[in-house]
Every structure is written in C-alpha cells, then in structure tokens.
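Residue numbers (the working numbering): 2 to 223. For reference, the structure discussed in these notes is given below.
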C-alpha cells in the first residue's frame with residue numbers, strides 16, 4: 002500500500018509558499034557542502050541559480066514527459082501526468098500531490114501535465130502550482146497557493162482552527178520516518194536512503210508559518 006504524507010501549516014487565507022528539498026543523504030560535491038552551510042532559504046536560492054547555469058541540471062523535455070538529472074546527488078527524476086518518479090540505482094520512488102484542504106476536509110487536486118524550462122518544472126493544478134527546481138543541493142519541491150483551496154473549507158478552518166494541509170502519496174516499498182522536529186523525513190528502501198526535508202512555508206508578506214510533516218495513520222509501509 003502507498004504511504005500518505007501530510008504537510009500541515011498554519012491557517013492561511015492568501016498567497017503561501019511551501020518549500021522542501023528532496024535529495025540523497027550524502028552530498029558528494031564540495032560545492033554542495035558549502036551551500037549546505039547557508040540558511041535554508043539562501044540554500045534554495047543559490048542552488049536554483051547554480052542549477053540554471055549548469056547544463057547538467059537542465060530539464061530535458063521528452064515526448065511522454067520531462068526528465069531532470071541531479072548529478073551531485075546521483076539520481077534522475079521523471080515528470081509526467083502521474084506525478085514524479087525519482088530513480089537512483091535500482092530504486093524508484095514516486096511522489097504525487099493528491100489532495101489539498103484544511104485538516105481532514107480535503108479535496109483531490111486537479112490533474113495536470115508538467116511543463117519545463119531551464120532547471121524548473123511546473124504542474125498548474127487550479128489554485129495550486131506544484132513546482133520543482135533542480136540544482137546542486139538536490140531537487141527542490143514547492144507549492145504555491147494563490148487563493149484559499151475552497152471557500153467552504155476556509156470558513157470551516159476559521160471556526161475549528163484546522164491547518165492548511167497538502168497530502169503527498171509515495172510509492173509502496175518505502176519506509177518514512179518523521180524527524181523529531183517534524184520538519185524532515187527519512188525515506189528508506191533496501192539499500193538506499195533519501196532525505197526529504199528543509200520544509201518551509203511563508204505567506205505573502207514573507208512571514209514564515211509553522212509547518213510540519215505527518216504520516217497518515219491509516220496508511221501502511223510495506
């Protein structure tokens with residue numbers, strides 16, 4: 002069975018960014034090591050700029066999707082209508098954004114095809130833009146919500162203090178462990194371990210919002 006990961010942040014009724022980084026635990030280039038010493042937001046910006054100007058991180062548009070290699074982390078990612086598939090060695094990890102809402106009041110996201118340019122890939126899903134930026138620190142994943150997910154959900158959230166929630170589904174066979182501060186995950190499969198972290202959410206004013214990972218208790222790791 003697939004594993005469900007919930008990303009929850011403070012109630013937000015306007016523009017919000019949610020950003021995180023998917024990469025292998027071992028940074029193997031000195032350039033990436035130096036970047037990892039910076040504050041997280043600066044890491045994202047620096048990695049994006051470096052990736053934009055290095056051919057190895059440019060996306061490749063193919064007939065059935067988009068491919069992006071991440072040489073510093075020794076993996077490649079394929080993007081299509083079904084979501085993203087990260088390949089490293091013989092292992093494959095799929096990640097899909099499946100729902101958005103407040104607390105447990107969720108609605109499925111709109112289907113979308115990816116578009117790509119330079120080192121950036123986007124899925125436009127109605128009010129939610131799901132985007133990826135490839136660079137030396139790994140594959141940056143982000144979500145931009147320009148409007149509240151649903152008016153009825155927002156009224157419910159205001160009354161119950163339910164958090165804004167995004168649901169990600171990862172493929173069977175991977176075991177997810179949430180860190181003590183709930184800001185990162187370790188994703189493991191026999192012989193491979195990936196770090197899914199650097200979780201940040203900010204509103205339209207640039208103010209950082211409380212954000213955390215949660216694993217769906219009704220899902221099962223196989």
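For every residue, glycine included, the Cβ atom is placed at its ideal position computed from N, Cα and C.
Buried or exposed: which applies to residue i, given that a residue is buried once 16 or more other Cβ atoms fall within 10 Å of its Cβ?
| i | result |
| --- | --- |
| residue 121 | buried |
| residue 44 | buried |
| residue 196 | buried |
| residue 65 | exposed |
| residue 123 | buried |
| residue 78 | buried |
| residue 85 | buried |
Measuring alpha carbon to alpha carbon, tell me which of the options ends up nearest residue i.
| i | options | result |
| --- | --- | --- |
| residue 213 | 83, 123, 104, 51 | 104 |
| residue 183 | 48, 133, 215 | 215 |
| residue 202 | 143, 189, 179 | 143 |
| residue 188 | 119, 87, 113 | 87 |
| residue 130 | 71, 147, 107, 40 | 147 |
| residue 98 | 49, 186, 172 | 172 |
| residue 62 | 80, 75, 175, 141 | 80 |
| residue 190 | 70, 90, 74 | 90 |
| residue 176 | 217, 71, 67, 111 | 217 |
| residue 115 | 100, 132, 186 | 132 |
| residue 181 | 141, 198, 169 | 198 |
Quick one: grab the DSSP three-state call for residue i.
| i | result |
| --- | --- |
| residue 102 | strand |
| residue 31 | Because the pLDDT at residue 31 is just 42, under 50, the model does not fix this residue reliably, and the value given afterwards should be weighed accordingly. Correct three-state label for residue 31: helix. |
| residue 107 | strand |
| residue 152 | Residue placement at residue 152 is poorly supported in this model, since its pLDDT is 49, which falls under 50; the coordinates still yield a value, given next. Helix, per DSSP. |
| residue 56 | helix |
| residue 93 | strand |
| residue 184 | coil |
| residue 145 | strand |
| residue 192 | coil |
| residue 140 | strand |
| residue 167 | strand |
| residue 177 | strand |
| residue 202 | strand |
| residue 158 | Residue confidence for residue 158 is low, a pLDDT of 49 falling below 50, so the modelled location carries little weight; the figure read from the coordinates is stated next. In the structure shown, residue 158 sits in a helix (DSSP, three-state: H, G or I). |
| residue 65 | coil |
| residue 119 | coil |
| residue 1 | Summary: the structure shown does not reach residue 1, with the chain confined to residues 2 through 223, and so no result is reported for it. |
Over the uninterrupted alpha helix (DSSP H) stretch that includes residue i, give me the two end residues.
| i | result |
| --- | --- |
| residue 53 | 41-53 |
How far does the beta strand (DSSP E) with residue i in it reach, from first residue to last?
| i | result |
| --- | --- |
| residue 233 | Residue 233 is absent from the model: the chain starts at 2 and stops at 223. |
| residue 127 | That residue, residue 127, is in no beta strand (DSSP E); it is neither H nor E in DSSP. |
| residue 74 | No beta strand (DSSP E) holds residue 74; DSSP gives it neither H nor E. |
| residue 215 | 212-216 |
| residue 206 | Looking at the DSSP string, residue 206 is not in any beta strand (DSSP E), and its letter there is neither H nor E. |
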